[in-house]
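According to our numbering, the sequence shown is numbered sequentially starting from 415. Here a beta-carbon is modelled for each residue, glycine too, at the ideal position from N, C-alpha and C. As the structure is a prediction and not an experimental result, all values here were calculated from the model.
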Amino acid sequence: MIEIEVKSIPVERIRVKREQVRESFDEDRLNMLAESIAQFGQLQPVIVQKDGQDYLLIAGERRLRAVMQNQEEEIAAVVLSGELSEDKLYQIQLVENIQREDLNALERARAIKKLMDLTGLNKKEISKRLGVPRTTLTDWLNILEVSEKYQQEVLKEDSPLTLSHVSLASRTGDPTKMNKLLDGVLKYRFSREETREIVEIVYKYLHIEMEDVFNAVLLRREHKRISREKEILRRVGTRRDPGKLLVETFNDFS
């Protein structure tokens, strides 16, 4: 039987397992959390398991690091006592991080894959345990099907490649086509809607060249841009050169 107790425990008695769901820590976010805890206190306890006279950290390593950074001696914790299987501990850790949105896309996918390997459960069963739709779980795991090059692009804040693009590209059902499409997203900065359109065309016309589809989508993008500009000119009631119109408008307000 598992017993749960909420209390403050000595920081020095907490041991961190070498293998955690979270693989990296953003230094700026850690500093911000430390400042927040120093100002407002620790609003969210860490989760630990009783281990003799010590405690084994299950979830909340970033909070623990922030408290240690503030040189505080104690930390608020949810203490679990009793027998807990490895997969159950990992599930608690994973759910806590997902709910707090503390994992990046790659960390989350790797953690879910490990939980599936530990438990032997399929996607449907794991999605129920984590409380997320099966389709969402599948989308999360798709990042594991692409090379490290694309994985790292997804993690970049300024990259045009997102997890949605990867999920859409996976629908091509062909690794070569998938890679070409992802390269196209990086080169031409295709939107999610444009990527969906490309996938639909490639899926329907199996022998069509990917670059031809890119050109068609880019041409449509340009047509839309021109149409928008014409609509703007129509609304202002002039057929004059848009550049001259812009200069004249600016001069009116100078």
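With C-beta atoms as the reference, is Arg-548 less than 9 Å away from Thr-576? Walking along the sequence shown from the start, residue 548 turns up at place 134. Walking along the sequence shown from the start, residue 576 turns up at place 162. Contact flag unset, no.
For Ser-422, the first and last residue of its enclosing beta strand (DSSP E): Taking the sequence shown and counting its residues from 1, the one referred to as residue 422 is at position 8. Its beta strand (DSSP E) spans residues 417–424.
Quick one, are the C-beta atoms of Leu-551 and Leu-558 less than 9 Å apart? By one-based count along the sequence shown, residue 551 stands at place 137. By one-based count along the sequence shown, residue 558 stands at place 144. The answer is no: Cβ separation not under 9 Å.
On the three-state DSSP scale, how would you describe Gln-458? Translated into the one-based positions of the sequence shown, residue 458 becomes position 44. Here Gln-458 sits in coil by DSSP.
Report back the beta-carbon spacing between Val-493 and Lys-464 to the nearest angstrom; my notes put them in contact at under 8 Å. Mapped onto the sequence shown, residue 493 falls at position 79. Mapped onto the sequence shown, residue 464 falls at position 50. The pair is a contact, with the Cβ atoms about 6 Å apart (cut-off 8 Å).
Between the alpha carbons of Leu-520 and Gly-496, how many angstroms are there, rounded? Counted from its first residue, the sequence shown places residue 520 at position 106. Counted from its first residue, the sequence shown places residue 496 at position 82. Near 32 Å, if we compare the C-alpha coordinates of Gly-496 and Leu-520.
How is Ser-581 classed by DSSP in three states: helix, strand or coil? Counted from its first residue, the sequence shown places residue 581 at position 167. If DSSP states are grouped into helix, strand and coil, Ser-581 belongs with the helices.
Using three-state DSSP, classify Arg-429 as helix, strand or coil. The residue you call residue 429 lines up with position 15 of the sequence shown. Strand at Arg-429.
Leu-471: first and last residue of the uninterrupted beta strand (DSSP E) it sits in: If you number the sequence shown from 1, residue 471 lands on position 57. Here the beta strand (DSSP E) through Leu-471 covers 468–473.
In three-state terms, what does DSSP make of Val-613? As a working mapping, residue 613 is identified with position 199 in the sequence shown. Note: Val-613 maps to helix in three-state DSSP.
Along the beta strand (DSSP E) that carries Val-493, what are the first and last residues, could you check? Position 79 of the sequence shown, counted from the start, is the residue given in the question as residue 493. Here the beta strand (DSSP E) through Val-493 covers 488–495.
Assign Glu-608 to one of two classes, buried (16 or more other C-beta atoms within 10 Å of its C-beta) or exposed (fewer than that). Walking along the sequence shown from the start, residue 608 turns up at place 194. With 16 or more other Cβ atoms within 10 Å, it is buried.
Using only alpha-carbon positions, find the residue among Ile-451, Ala-473, Leu-596, Val-430 that is nearest to Tyr-504. Numbered from 1 along the sequence shown, position 90 holds the residue referred to as residue 504. Nearest of Ile-451, Ala-473, Leu-596, Val-430 to Tyr-504, Cα basis: Ala-473.
Considering only C-alpha positions, which residue in the set Glu-441, Gly-455, Gln-467 is nearest to Ile-423? Mapped onto the sequence shown, residue 423 falls at position 9. The candidate whose alpha carbon is nearest that of Ile-423 is Gln-467.
Going by CA-CA distance only, name the one from Thr-533, Arg-524, Asn-511, Asn-484 that's closest to Ser-499. The residue you call residue 499 lines up with position 85 of the sequence shown. Ranking Thr-533, Arg-524, Asn-511, Asn-484 by Cα distance to Ser-499 puts Thr-533 first.
Quick one: does the C-beta of Leu-457 sit closer than 8 Å to a heavy atom of the ligand GDP? For the ligand GDP, the structure offers nothing, since it holds no ligand at all.
Specify the secondary structure class of Asp-465 as computed by DSSP and reduced to three states. What you label residue 465 is simply residue 51 of the sequence shown in a count that begins at 1. Of the three classes helix, strand and coil, the one that applies to Asp-465 here is strand, per DSSP.
Using CA atoms only, rank isn't needed, just tell me which of Leu-447, Pro-574, Arg-522 is closest to Asn-556. Here residue 556 is taken as the residue at index 142 of the sequence shown, counted from 1. The residue with the shortest Cα to Cα distance from Asn-556 is Arg-522.
Please classify Ile-557: does DSSP put it in a helix, a strand, or coil? Numbered from 1 along the sequence shown, position 143 holds the residue referred to as residue 557. Looking at Ile-557 - three-state DSSP - the assignment turns out to be helix.
Cβ neighbour criterion (16 or more within 10 Å) applied to His-637: If you number the sequence shown from 1, residue 637 lands on position 223. It counts as exposed.
If you count every other CB in all the chains shown that lies within 10 Å of the CB of Tyr-617, and 16 or more means buried, which is it? Within the sequence shown, the letter at position 203 stands for residue 617. Exposed is the call here.
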